[in-house]
Amino acid sequence: PSGQVVYCGRDMQRTYAMIKPDGVRRQLTARILQRFIDKGYRVIGLKQLVIPRELAEQHYAEHRERPFFGELVDFITSGPVVAIALEGENVITGLRAMMGATNPKDAAPGTIRADHATTIGENVIHGSANEEDAARELGLFFGDAELLR
Ligand code: GDP
């Protein structure tokens, strides 16, 4: 009937997470995925890939003018990453909280970056900053047919 609302759970969101080349190299993939599952998030897309330079530049477009942009793109393309599509209640801010601060020295105890990262350049994990970035980044790394429904 018209006006019917299909209720899918409060604040259900999708976001883009990525284990960076340092995390993959150090065999952290399984442990990080387990944290997401333990938190109650659903892994709806997953693949390991070496990011082509052009895709890396698109992904980090907002940092194009920063002095570390070249370093950032060199690093993120330096080896395989694991691209992850996550679904869950408030998963965008939830993932950011699990990651910890950008600089691992400032990351709260128990966060992924506090536990596993040492430098701001190689900080193990990426997570979309907000809804707009989440939609954009999921679109860059996954086609609809690659995601669970
Ligand atoms: P994030 O959202 O916490 O990942 O942080 P930002 O969006 O601000 O920055 C994106 C990524 O750029 C960070 O995860 C860092 O790995 C990297 N980055 C930020 N600042 C620096 C810096 O001063 N030097 C280098 N090499 N990388 C940086």
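Just so we're aligned, residue 20 is where the sequence shown starts under full-length UniProt numbering, counting upward by one. Glycine included, C-beta positions come from ideal geometry on N, C-alpha and C.
Kindly list the residues whose CB is nearer than 7 Å to the CB of residue i, restricted to its own chain and excluding five residues on each side of it in sequence; keep chain order.
| i | result |
| --- | --- |
| H78 | E156, L159 |
| A104 | R33, Y35, I63, G64, L157, F161, L166 |
| T137 | P123 |
Taking 6 Å as the cut-off, does the CB of residue i come closer than this to any heavy atom belonging to the ligand GDP?
| i | result |
| --- | --- |
| I139 | yes |
| E90 | yes |
| T121 | yes |
| F87 | yes |
| N149 | no |
| N109 | no |
How far does the alpha helix (DSSP H) with residue i in it extend, from its first residue to its last?
| i | result |
| --- | --- |
| T112 | 110 to 118 |
| G89 | 88 to 95 |
| L74 | 72 to 78 |
| Q46 | Here Q46 belongs to no alpha helix (DSSP H), and DSSP marks it neither H nor E. |
| H82 | From DSSP, H82 is part of no alpha helix (DSSP H); its letter is neither H nor E. |
| D134 | 131 to 135 |
| L159 | 150 to 160 |
Looking at the secondary structure, which residues open and close the beta strand (DSSP E) in which residue i lies?
| i | result |
| --- | --- |
| T34 | 31 to 38 |
| G98 | Careful: G98 lies outside any beta strand (DSSP E) and carries neither H nor E. |
Using a Cβ-Cβ cut-off of 6 Å (strictly less than) and excluding sequence neighbours within five positions of residue i, which residues of its own chain qualify?
| i | result |
| --- | --- |
| V110 | Q32, T34, Y60 |
| K66 | A102 |
| E106 | R33, R61, I63 |
| G146 | A36, L114, R115, M118 |
Check the C-beta distance from residue i over to residue j and give it rounded, since I have them as a contact under 8 Å.
| i | j | result |
| --- | --- | --- |
| G98 | V43 | 6 Å |
| A75 | I95 | 5 Å |
| I70 | I144 | About 15 Å; that fails the 8 Å criterion. |
| I139 | T121 | 6 Å |
| E108 | R54 | Contact flag wrong, Cβ pair sits at about 16 Å. |
| L91 | H82 | 6 Å |
| D41 | E141 | 4 Å |
Looking only at its own chain, which residues have a Cβ that is under 8 Å from the Cβ of residue i, when we skip the five neighbours before and after it?
| i | result |
| --- | --- |
| A116 | T130 |
Just list the residues that DSSP pairs residue i with in beta bridges.
| i | result |
| --- | --- |
| V62 | L105 |
| I144 | I38 |
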